[in-house]
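Right, one structure below, let's go through it.
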Amino acid sequence: MVSAQALFTNLKDIHQLDTSSYLTEKQIETLKKFFSNFPEDHESMIKHRFETLWNNLEHIYNDFRNSLKEQGLAYEGLLYREVAEDANIEFQYDSYIFVGFNMMQKVELQLCNRLKKEGKAFFYWDFDVNYTSQQYNSSEAGYYIRQHLIQYPNELDTASDEVYNNMSKPKNISFIASPTENMQARYIGQWLRENNRMKAGKNTAIVLCDENLLPTVIHCIPTETEQVNITTGYPLQLTPIASLIRLLIVLQLQGYRKDTQKFRTHWIERVLQHPHAKLLTPYTQELLERIQHKKQFYYSTQELSITKDLELLFTFQSNIAEMASWLVNILKQVGINYGNSVKEGCQEELPLLQESIFRTYTLVNRLSGLIASGDLDVDPITFQRLLNQLIQTTTIPFHGEPAVGLQFMGVLETRNLDFDHLLILSCNEGNMPRGVNDTSFIPYSIRKAFELTTIDNKISIYAYYFNRLIQRAKDITITYNNSTTDGQTGEMSRFMLQLLVESNHDIKRYIMNSDKAPTPGISKTIQKDGETYAALKNITKLSPTAINSYIRCQLRFYYRYIAGLTEPDNITDEGVDNRVFGNIFHKAAEQFYLPFLTQQRVVTQSDLQQAINGKGHVRLEYCIDEAFRTELFKTSDKVELEYSGLQFINREVLLTYLKQLLNTDMEQAPFKILGLEKKVETSIKLNTEEGEKELVLYGSIDRLDSITAPNQEHFIRVIDYKTGSNDKMSVKDVQSIFTGTNLKNHTDYYLQAMLYAIIVRNDETENPARLPVSPSLLFIQHTAKEGFDPTLKIDGTKIVDILDYTETYMELLKEKLEELFNPQIPFTPTSDSNRCINCPYLKICKC
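Residue numbers (full-length UniProt numbering): 1 to 847.
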């Protein structure tokens, strides 16, 4: 009941406060103290804007009230105030009984005073002397009750120990620390089965200090539970329909490029993959498959509109009114389609889903109406935040018999109720008390001076809720999250600490652990029999990549090359994965050197210098763009490339890498290109149980060139480009290449480069002069290092000619391949579990 004129005092001249007769001395002092930090020069724009707004708040407040009155509307506080200030209101009943109140607003107190004056008010207070008596005068829990007992005497005898002295009676109290929220929910079953708590029915309550835990709690209710009553509502924000609405707004705000008038594939897929998207259209999967097949990064509305429903879904909304109306239409269509599918027996009737659609529709439709009428004028971001806040504060009520069965409730639902058995979950600081942050635009000091609700009041309210809840209970278990990860404080509620320090109860403390330590999944061992062995025998050719896969993890080889489960590309419109990044670089390098190959022209230092620093720089960019076009966008040269932010950054990185490659090559020039992405193959004969098997070994050499050494000796280089960061350029011996026991140091690149070098060394077509062949690994990230040499080394010695290592290499390769085709040796998992972390087959392997 604060005067708006007094509260929103105009501060154009702070000295005028001294003559403000409608302000108390305390209020004048508070206002002066607060606004003394606002000098006339306004040292910051924030202060200036705050003062400007503050000086107009009274007018805004009055205009808002008048506007609501004209429409016959009122918010809760205004409605209470209208009633309290109505001197003509008549109280038609002889008696008005107030039971179990705690904190009351000024308007409520004013009504109480009027009824008390007329002799019609009777008050019954619910409290315990342990927090209201004189010796506990500082107790937050009894702050309001102590005042009410003086102003509004209790109808019951406050000296009655049976009614008002229960906190000190014997109680079984336990505090349990838990590392996760979910573990607390899973503890419900064990807790209910002990001490006849389940049989106690309505005398047993499970209280959620964090109501977002409700979905997990529902799933953890024991199957043998006969009856439950859930009084706390299901949070609308946790329903799939709410997440769909959030996703649709993001699609409009972030997923649409106005310059090209197209939607980004990433957000299109997110919407189509949402479980409720199928309620809008049955063609979500068909459209998803089209998108994943084309691998475009942007789509127009026309390209996505294979049905009218999809056209509605993927139409850009140019303003906030259109967006709100669009959301309403989508929700309406979802509701209609859901209802039809239930009628046709295609879908089970789900009351929670039905109610969530209805409530979300109601919220969005209300906002849409306000926007259309001009009463709400906000930008899209504000609309998004406003809708999110409305959804966060909305719950879906459960329907049940309140006086029957186990009680599941939030803190507010426990008011005036007593239970014998209590399990209070997630009783952390921040949850209990909950929502005590001061989010009001009116500063704390001013709110306190004008006796408006502050943090202090909220803490006192929750202190009363907590203490009143446990005062008559006999069996109390309170759990809290003691983890400090993911932004958790790991602190028990201040009310729990007060109970530990101030009460005389023997409170037992425990730490919650799972029944058994989680054991890592054990990978399967797959026998080479039946269909597996048949598929293995059908393999007639292998690449070095496949052989390396077998050495590093036999199961990964099985899933990829026997079961035929391909590893998915992680390609998004945000960027590219490492594999595609490498492919783009390889293609760009090929594009640059291709003219030298086709023209049989020697690459000179001058050629490379000009490409890096001269007009040839444009050609480097062209090579990068063409590589993107071929390897990522997969479009014709008639289509203009559209890079996203991260893709453009990747383009710049690749351009830098290409320059580094040319700088490195400049040190070796002149040289002659013999092949680019050169396809090579050879065969090897293996001894198997079914006789001799000829296996083709094949691959593609990134670059094959001939060069003259300082001693004027000619030799051929097999060059393998690597865009990764692993620059291990030496191994102890050839044996280590084929050993999968020490995978941390396993150099799988060696196997490939050396095999290609051996093939070229023995190929009469590629190497008719039988020149020495040297394998090289060109790690682009490390080419800038002083003295960088891409030549492979064995025990620190450069491989000048692969011929020196061919015999040993081929013997070990044959031995490894014969092991692969041996039906008596099963496919086993890797010995290095770190390799499993990013493995695409992890979920099907460790199950």
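A virtual CB, placed ideally from N, CA and C, is assigned to each residue, including glycine.
Beta-carbon gap between V734 and S774 smaller than 8 Å: no
Sub-8 Å separation of R770 and T806 beta-carbons: no
For residue 849, three-class secondary structure by DSSP: Since the first and last residues shown for the chain are 1 and 847, residue 849 lies out of range.
Presumed contact (8 Å Cβ cut-off) between F466 and M432, rounded CB distance: 6 Å
Top-ranked residue by Cα proximity to D420, from A205, T281, Q254 and A372: A205
Distance between W326 and D418 (C-alpha atoms, nearest Å): 48 Å
Counted within 10 angstroms of its Cβ, other Cβ atoms place A141 as buried (16 or more) or exposed: buried
Beta-bridge pairing of H421 - partner residues as DSSP gives them: T204 and D475
Within the stretch 708-770, ranges of the beta strand (DSSP E) (whole runs, at least 3 residues): 714-722
Limits of the beta strand (DSSP E) - the one that A121 falls within: A121 to Y124
Pair within 8 Å by beta-carbon distance, I176 and T479: yes
D259 (DSSP reduced to helix, strand or coil): coil
Start and end residues, beta strand (DSSP E) containing G675: F671 to T688
Residues of its chain near E348, where Cβ-Cβ distance is below 8 Å and the 5 sequence neighbours each way are ignored: V342
CA-to-CA distance, I381 to L272, given in whole angstroms: 23 Å
Between the CA atoms of K638 and P772 - distance to the nearest angstrom: 44 Å
Buried or exposed by the 16-neighbour rule on C-beta atoms within 10 Å, applied to A185: buried
Nearest-angstrom Cα separation, counted from D705 out to P670: 10 Å
8 Å Cβ cutoff met for L676 and D720: no
Burial state of A403, where buried means 16 or more other Cβ atoms lie within 10 Å: exposed
Start-to-end residues for the alpha helix (DSSP H) that takes in Q609: Q605 to N613
Residues near T454 in its chain [Cβ-Cβ closer than 8 Å; skip 5 each side]: D438, Y444, R447 and K448
Contact check, R257 vs Y299, beta carbons under 8 Å: no
Rounded separation between A159 and L406 - CA only: 33 Å
Cα-Cα separation between F633 and F648, rounded to whole angstroms: 13 Å
Where S178 sits in the DSSP three-state scheme: strand
Beta-carbon proximity of I584 to L555, cut-off 8 Å: no
Through-space distance from G72 to A84, alpha-carbon basis: 18 Å
Neighbour-count burial assignment, C346, 16 or more Cβ in a 10 Å radius: exposed
Meets three-Cβ-pair contact criterion under 8 Å: the stretch 298-312 and the stretch 272-286: yes
Rounded separation between K537 and T682 - CA only: 19 Å
Three-way DSSP call (helix, strand, coil) for Y298 in this model: strand
L304 to E322 span [Cα, whole Å]: 20 Å
Beta carbon of S725 nearer than 8 Å to that of K793: no
Touching by the beta-carbon criterion (3+ pairs, under 8 Å), the stretch 382-389 and the stretch 246-264: yes
CA nearest to the CA of P826, picked from T532, I173 and Y143: T532
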